[in-house]
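Here's the structure we're looking at; comments come further down.
There are 2 protein chains.
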Amino acid sequence: MPFVHMYKRHFLFLTIINFTLMSFEVTILGCGSATPTSHRNPSAQVVQVQDRSILIDCGEGTQVQIRKNKIRMQKINHILISHLHGDHYFGLIGLLSTFHLLGRDKDLHIYAPEDLKDIIYGQLKASKTYLKYTIHFKSLNFSGKNLIFEDKKIEIYSFPMRHSIEVCGFLIQEKTHPRKINRTAIDAFEVPTYQINSIKEGANFSTDDGREVLNSKLTFEPNPSFSYGYCSDTSYYPELCHSIKKCTVLYHEATFGNELEKLAKQTKHSTAKQAAMIAEQAEVGQLVIGHYSARYTDLSILLTEAKEVFENTILAKDGLRIILE
Amino acid sequence: MPFVHMYKRHFLFLTIINFTLMSFEVTILGCGSATPTSHRNPSAQVVQVQDRSILIDCGEGTQVQIRKNKIRMQKINHILISHLHGDHYFGLIGLLSTFHLLGRDKDLHIYAPEDLKDIIYGQLKASKTYLKYTIHFKSLNFSGKNLIFEDKKIEIYSFPMRHSIEVCGFLIQEKTHPRKINRTAIDAFEVPTYQINSIKEGANFSTDDGREVLNSKLTFEPNPSFSYGYCSDTSYYPELCHSIKKCTVLYHEATFGNELEKLAKQTKHSTAKQAAMIAEQAEVGQLVIGHYSARYTDLSILLTEAKEVFENTILAKDGLRIILE
Chain A
1 MPFVHMYKRH
11 FLFLTIINFT
21 LMSFEVTILG
31 CGSATPTSHR
41 NPSAQVVQVQ
51 DRSILIDCGE
61 GTQVQIRKNK
71 IRMQKINHIL
81 ISHLHGDHYF
91 GLIGLLSTFH
101 LLGRDKDLHI
111 YAPEDLKDII
121 YGQLKASKTY
131 LKYTIHFKSL
141 NFSGKNLIFE
151 DKKIEIYSFP
161 MRHSIEVCGF
171 LIQEKTHPRK
181 INRTAIDAFE
191 VPTYQINSIK
201 EGANFSTDDG
211 REVLNSKLTF
221 EPNPSFSYGY
231 CSDTSYYPEL
241 CHSIKKCTVL
251 YHEATFGNEL
261 EKLAKQTKHS
271 TAKQAAMIAE
281 QAEVGQLVIG
291 HYSARYTDLS
301 ILLTEAKEVF
311 ENTILAKDGL
321 RIILE
Chain B
1001 MPFVHMYKRH
1011 FLFLTIINFT
1021 LMSFEVTILG
1031 CGSATPTSHR
1041 NPSAQVVQVQ
1051 DRSILIDCGE
1061 GTQVQIRKNK
1071 IRMQKINHIL
1081 ISHLHGDHYF
1091 GLIGLLSTFH
1101 LLGRDKDLHI
1111 YAPEDLKDII
1121 YGQLKASKTY
1131 LKYTIHFKSL
1141 NFSGKNLIFE
1151 DKKIEIYSFP
1161 MRHSIEVCGF
1171 LIQEKTHPRK
1181 INRTAIDAFE
1191 VPTYQINSIK
1201 EGANFSTDDG
1211 REVLNSKLTF
1221 EPNPSFSYGY
1231 CSDTSYYPEL
1241 CHSIKKCTVL
1251 YHEATFGNEL
1261 EKLAKQTKHS
1271 TAKQAAMIAE
1281 QAEVGQLVIG
1291 HYSARYTDLS
1301 ILLTEAKEVF
1311 ENTILAKDGL
1321 RIILE
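So the sequence lines, in the order shown, correspond to chains A and B.
When we follow my numbering, the leftmost residue of the first sequence carries the number 1, and every step to the right adds one.
When we follow my numbering, the leftmost residue of the second sequence carries the number 1001, and every step to the right adds one.
Below, the structure is given as structure tokens:
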């Protein structure tokens, strides 16, 4: 990370802050499918990007996984639920209750299929729980790629996939970072502080004697902007490639190996090879496969089959952290 | 267990069968309260009695606890849910789904507050799941002690307690065991095989020459019948003592220590001392305390406070097995 390194020797404090703000980290909390086992939790992962924590899916046991993986629970302000198969959301009501019991008062944003709203509120009503915080519930739209959240640093998109019930994938991407200041040049041209922000955004600089200094002389290229795609659950569905085109890292389900391709088709899941075909067609940077059928204790066969198509593939496992930098 | 021991040397196979049939075993799957932590699961326990497996409460993560504790999942045919606070039932929908995914076709009996029915069926509908097995849902009645299940070996009762929402405690008790055959006497009096069952039930025997042989000469005392009381969650509520009078083992919540008696009252929970007072008044055989507030990492203070009132107290912990014999 050049930006951090440049300042490291002189401004340790700044470096730490920048490192925090600029990290893009994914923690796999669960990469199993259908039923939790004693060694593999159902789907859940946390994306920590630009000081935002986003939980994607929330299978049973997710709140314990959050604790075990030392994720700061109350930093999670956005929860994306891909679909209403239990292994992707049965842990949500428990997490919401725990937020409440721990005194949360910050708003929470949930993006999920419409039916989840009644499920959540029905359970809160049964226990006479009146949450101390507000939930903003936004129903997913299952047609087309949709921008579901945006702020000054990131964008989150949903897009439909193909499964036995309606399901969305998600794409979380950083907006373009500001250009990095060339401190030597800034000092040499005596650029006033109040113009620094516009220069970071790409503006040129006019000196007092009317000379135009091109931005490229005052700045370095910005840090790369990263993006993360999440595709689970889905059958092999090449149409989703345009929604995750060239993303830095793609998580794609790989419930089965080649030997069960027929079963994958029947159950509307993917094989590891099919996940890799999507990664290749979408030209992503790296593929992470997961959502393994419980029948696989040795996952090397899935990895091998994926790598034959897309070399830069890794296996998800519970507790894995992927740091983009 | 005299009956088992008597046959041990000669009939190993019989001994094993009898041991299985006659055991009364409680496995604590979770003894935490409110929120699961990485070292304590929310409320759930399995009572295995006379070859029946009964699950009491089903907090989040129970199905994984069932696996970890090597309980045979599909043997569970009865589930009792005390009340609709999430730490007592959020794991139920996941367990029901797993039963289904594993191909269960045996009926399941659930005894729970009425509202749970809609919660369960709402979630099954959202995932378009049509269970392969039948659930018999029986709503709990919150007034008086009620026999909610009975077969030839056991009885299960519910009874109301006092909490912030409606809640039932449960009592599982064995019916009186048949008297044990005195093989030497049976052989000496040449009792025909077809009369053995009635003799086990207490009948006398008439010999061919008209002599009446008293049952006490043909049999030994039956094995003792055990009973198990479950009281969680409840404030200190002495009225419940008559429902669990003289039970062999009582599990009673002890969310707080003496120093938080006021908080216990406010939140309608009990202190360890109050749990012990219930045990003493109900004249139970042994007290197991649990449902600890997450603030207690060292539980010795709770044990000490309970033991000052009722000496035969032990601490529940996840994975504890209590075998009555």
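For each residue, glycine too, the CB sits at the ideal point set by N, CA and C.
Those residues which DSSP pairs with T1219 (chain B) across a bridge: The residue given as residue 1219 (chain B) occupies position 219 in the second sequence. Answer by DSSP bridge pairing, in chain order: B:I1181.
Cβ shell of E221 (chain A) (< 8 Å), same chain only, five flanking positions each side left out: Taking the first sequence and counting its residues from 1, one reaches residue 221 (chain A) at position 221. Answer for E221 (chain A): R179 and K180, listed in chain order.
Helix, strand or coil at G229 (chain A) according to DSSP, with G and I counted as helix: What you label residue 229 (chain A) is simply residue 229 of the first sequence in a count that begins at 1. The answer is strand: DSSP assigns G229 (chain A) an E or B state.
Buried versus exposed, by CB contacts within 10 Å (16 or more), D105 (chain A): Position 105 of the first sequence holds residue 105 (chain A). Here D105 (chain A) is exposed: its Cβ has fewer than 16 other Cβ atoms, across all protein chains shown, within 10 Å.
Boundaries of the beta strand (DSSP E) in which R1052 (chain B) is found, first to last residue: Taking the second sequence and counting its residues from 1, the one referred to as residue 1052 (chain B) is at position 52. From DSSP, the beta strand (DSSP E) with R1052 (chain B) extends over R1052 to C1058.
Backbone CA spacing between H177 (chain A) and S225 (chain A) [nearest angstrom]: For the purposes of this step, residue 177 (chain A) is taken as residue 177 along the first sequence, with counting starting at 1. For the purposes of this step, residue 225 (chain A) is taken as residue 225 along the first sequence, with counting starting at 1. Taking the straight line from one Cα to the other gives about 6 Å.
C-alpha gap between E283 (chain A) and T248 (chain A), whole angstroms: Here residue 283 (chain A) refers to the residue found at position 283 of the first sequence. Here residue 248 (chain A) refers to the residue found at position 248 of the first sequence. In a straight line, the C-alpha of E283 (chain A) is about 9 Å away from that of T248 (chain A).
Closer than 9 Å to chain A by CB, G1202 (chain B): Residue mapping note: residue 1202 (chain B) aligns to position 202 of the second sequence, counting from 1. Taking Cβ atoms only, chain A never reaches closer than 9 Å to G1202 (chain B), which makes this a no.
Cβ shell of K200 (chain A) (< 6 Å), same chain only, five flanking positions each side left out: Here residue 200 (chain A) corresponds to residue number 200 of the first sequence, with the count starting at 1. If we look at K200 (chain A) and ignore the five residues flanking it on each side, its Cβ neighbours are P178 and R179.
Under 9 Å between C-beta atoms of T1271 (chain B) and E1305 (chain B): The residue labelled residue 1271 (chain B) in the question sits at position 271 within the second sequence. The residue labelled residue 1305 (chain B) in the question sits at position 305 within the second sequence. With a cutoff of 9 Å on beta-carbon distance, T1271 (chain B) and E1305 (chain B) are scored as near each other.
Minimum Cβ-Cβ distance from T1037 (chain B) to chain A less than 9 Å: Here residue 1037 (chain B) refers to the residue found at position 37 of the second sequence. Chain A, which has a Cβ nearer than 9 Å to the Cβ of T1037 (chain B), makes this yes.
Within-9 Å CB hit, L21 (chain A) to chain B: Against the first sequence, residue 21 (chain A) aligns to sequence position 21. Only weak support is given to the placement of L21 (chain A): the predicted model assigns it a pLDDT of 47, under 50, and the value that follows is read from those uncertain coordinates. So no, L21 (chain A) is outside the interface.
Residue(s) in a DSSP beta bridge with L140 (chain A): In the first sequence, counting from the first residue as 1, residue 140 (chain A) sits at position 140. Answer is none; L140 (chain A) lacks a bridge partner.
Y251 (chain A) and A316 (chain A) closer than 9 Å at C-beta: The sequence position of residue 251 (chain A) within the first sequence is 251, counting from 1. The sequence position of residue 316 (chain A) within the first sequence is 316, counting from 1. Cβ distance < 9 Å, so Y251 (chain A) and A316 (chain A) count as in contact.
E1253 (chain B), buried or exposed, once every other Cβ within 10 Å from all chains shown has been counted against 16: Your numbering for residue 1253 (chain B) matches position 253 in the second sequence. Buried.
8 Å contact criterion, which A1126 (chain B) and D115 (chain A) should meet: CB distance rounded: Here residue 1126 (chain B) refers to the residue found at position 126 when the second sequence is read from its first residue. Here residue 115 (chain A) refers to the residue found at position 115 when the first sequence is read from its first residue. That belief holds up - the Cβ atoms of A1126 (chain B) and D115 (chain A) are roughly 4 Å apart, short of 8 Å.
Proximity winner among A:H39, A:Q123, A:V26 and A:C58, relative to D51 (chain A) (alpha-carbon distances): What you label residue 51 (chain A) is simply residue 51 of the first sequence in a count that begins at 1. Ranking the options by Cα distance to D51 (chain A), first place goes to A:V26.
T313 (chain A), DSSP secondary structure in three states: Counting from one through the first sequence, the residue named residue 313 (chain A) turns up at place 313. Looking at T313 (chain A) - three-state DSSP - the assignment turns out to be strand.
Presumed contact (8 Å Cβ cut-off) between S1227 (chain B) and I1172 (chain B), rounded CB distance: On the second sequence, residue 1227 (chain B) is found 227 positions in, with the first residue counted as 1. On the second sequence, residue 1172 (chain B) is found 172 positions in, with the first residue counted as 1. At roughly 7 Å, the Cβ-Cβ gap stays under 8 Å, so S1227 (chain B) and I1172 (chain B) are in contact.
Under 7 Å by beta carbon: chain A residues contacting R1067 (chain B): The residue labelled residue 1067 (chain B) in the question sits at position 67 within the second sequence. The contacting residues are T37 and S38.
Members of the region 1054-1079 of chain B near chain A, C-beta cut-off 7 Å: E1060, G1061, Q1063, V1064, R1067 and K1068
Buried/exposed call for F1310 (chain B), threshold 16 Cβ in 10 Å: In the second sequence, the residue the question calls residue 1310 (chain B) occupies position 310. Counting Cβ neighbours within 10 Å, F1310 (chain B) comes out buried, since at least 16 surround it.
N- and C-terminal bounds of the alpha helix (DSSP H) containing H1100 (chain B): Stepping through the second sequence from its first residue, residue 1100 (chain B) is reached at position 100. From DSSP, the alpha helix (DSSP H) with H1100 (chain B) extends over L1092 to L1101.
Test: D115 (chain A) CB closer than 9 Å to a CB of chain B: As a position in the first sequence, residue 115 (chain A) is number 115, starting the count at 1. Cβ-Cβ to chain B under 9 Å: yes for D115 (chain A).
DSSP-derived helix/strand/coil call for Y1121 (chain B): Within the second sequence, residue 1121 (chain B) is the residue found at index 121, counting from 1. Note: Y1121 (chain B) maps to helix in three-state DSSP.
Min CB distance D961 (chain B) to chain A below 9 Å: Shown here, chain B extends from 1001 to 1325; a query on residue 961 (chain B) therefore has no answer.
Interfacial residues, the region 1122-1151 of chain B to chain A, with Cβ spacing under 7 Å: G1122, Q1123, A1126, S1127 and K1128
Residue of A:L29, A:H39 and A:S23 minimising C-alpha distance to A294 (chain A): Position 294 of the first sequence, counted from the first residue, corresponds to residue 294 (chain A). Measuring from the Cα of A294 (chain A), the nearest candidate turns out to be A:H39.
Start and end residues, alpha helix (DSSP H) containing A203 (chain A): In the first sequence, counting from the first residue as 1, residue 203 (chain A) sits at position 203. From DSSP, A203 (chain A) is part of no alpha helix (DSSP H); its letter is neither H nor E.
Interfacial residues, the region 90-106 of chain A to chain B, with Cβ spacing under 7 Å: F90, G91, I93, G94, S97, T98 and L101
Cutoff 9 Å: K1086 (chain B) Cβ touching any chain A Cβ: For the purposes of this step, residue 1086 (chain B) is taken as the residue at position 86 of the second sequence. The question names Lys, but residue 1086 (chain B) is Gly in the sequence shown. Chain A contact via Cβ: present.
Stretch pair the region 1090-1107 of chain B + the region 1130-1147 of chain B: three plus CB contacts closer than 8 Å: yes
Spatial neighbours of L1021 (chain B) in its chain, beta-carbon cut-off 8 Å, leaving aside the 5 residues before and after: By 1-based counting over the second sequence, the position of residue 1021 (chain B) is 21. In this prediction, L1021 (chain B) scores a pLDDT of 47, lower than 50, which makes its location untrustworthy; the coordinate-derived value is nonetheless stated afterwards. These residues qualify, in order along the chain: Q1050 and D1051.
CB contact check: I165 (chain A) to chain C, cutoff 9 Å: Chain labels in this structure do not include chain C; the protein chains are A and B.
S1053 (chain B) vs K1075 (chain B) beta-carbon contact at 9 Å: As a working mapping, residue 1053 (chain B) is identified with position 53 in the second sequence. As a working mapping, residue 1075 (chain B) is identified with position 75 in the second sequence. Contact: yes.
Classification of L1287 (chain B) by the beta-carbon crowding that lies within 10 angstroms, buried from 16 upward: Taking the second sequence and counting its residues from 1, one reaches residue 1287 (chain B) at position 287. The residue in question, L1287 (chain B), is buried, as its Cβ has 16 or more Cβ neighbours within 10 Å.
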